[in-house]
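Shown next, in structure tokens, is the structure this report addresses.
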Amino acid sequence: MKILYRIYQYIFMVPMIVVLTILAGLSTGIGSMLGGGKWWGYYPAVMWGRLICWISFVKVTVTGRENIDSKTPYVFVANHQSAYDIFSVYGYLGHSFRWMMKKSLEKIPFLGWGCKRAGHIFVDNSSPAAVRQTMATARQQLQKDMSIVVFPEGSRSWDGKMTPFKKGAYLLAVQFNLPIVPITIDGAFDVMPRFKKLPMWGHIKITIHKPIEVPEGGFRIKTVMEESYTTISSSLKE
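If you use the working numbering, the sequence shown corresponds to residues 468 to 705, in order.
The following block contains the structure:
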């Protein structure tokens, strides 16, 4: 069965992912340039994420959507197990947002261009000035009442276990007085761990937890970070 799946991947799945990525990047970028950034910056990517999961035979289920309001901006923080975190969150979160993503993703043909035109935030840690520019771009999106999704671990896990969180997303939440919404992604590591080039079929479970109100002034920011970390890990399988 696995051999047949690999043949299917090389003949159909991988070429289709390339085509879907080009179409999503072009439609997002062109639509955003024509003034429809709020719509084009989100919905083409929703279809892109869902179709990639579908053709990969990856089932995604979501619990906890009742915990969030589609009209309320949030800072979503999620654990990062796999590249399929991006596809599953894009396709199935059900709430418009912009990513805070690694600067290196900007180099992906078509997709990087489209994300940049749509207003996604590329995190550049190369210098203090670059970090300040990253935070300024994030503030611009938050000022538009736009939610953002962040992987506070900073990079994908090597073993499926969570690593310590960085505080950048939490500082933004404090500054704009936005609720933090922890998201648990479970199963993505089994689908495609960081050290693999091709996925396996599987089941990804996304749990949207209740929002955490941020403290005024940020005096309890470490406590909020610890609370969100504990909340996310509580829904991970051992």
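Yeah, the Cβ is synthetic: ideal placement off N, Cα and C, and Gly gets one too. Model, not experiment: these values are computed from the prediction.
Check	Outcome
Straight-line CA distance for Met480 to Pro666?	10 Å
Determine contact between the segment 661-681 and the segment 549-565, defined as no fewer than three beta-carbon pairs at a distance below 8 Å.	yes
Quick check for students: name the residue ranges of the beta strand (DSSP E) that lie wholly in the segment 578-643, counting only runs of 3 or more.	588-590 and 614-617
Measuring only the C-alpha atoms, how far is Ala550 from Trp566?	14 Å
When we look at the beta-carbon of Asn546 and count the other beta-carbons within 10 Å, is it buried (16 or more) or exposed?	buried
Report the residue ranges of all alpha helix (DSSP H) runs contained in full by the segment 495-522; include only those spanning at least 4 residues, in chain order.	504-507 and 510-522
Over what stretch of residues does the alpha helix (DSSP H) that includes Thr698 continue unbroken?	Ile688 to Ser701
Given that a residue counts as buried once 16 or more other Cβ atoms are within 10 Å of its Cβ, and exposed if not, what is Val486?	exposed
What three-state label does DSSP hand Thr651 in the structure shown?	strand
Please classify Met500 as buried or exposed, where buried requires at least 16 other C-beta atoms within 10 Å of its C-beta.	exposed
Which residues does DSSP list as the beta-bridge partners of Gly669?	Val525
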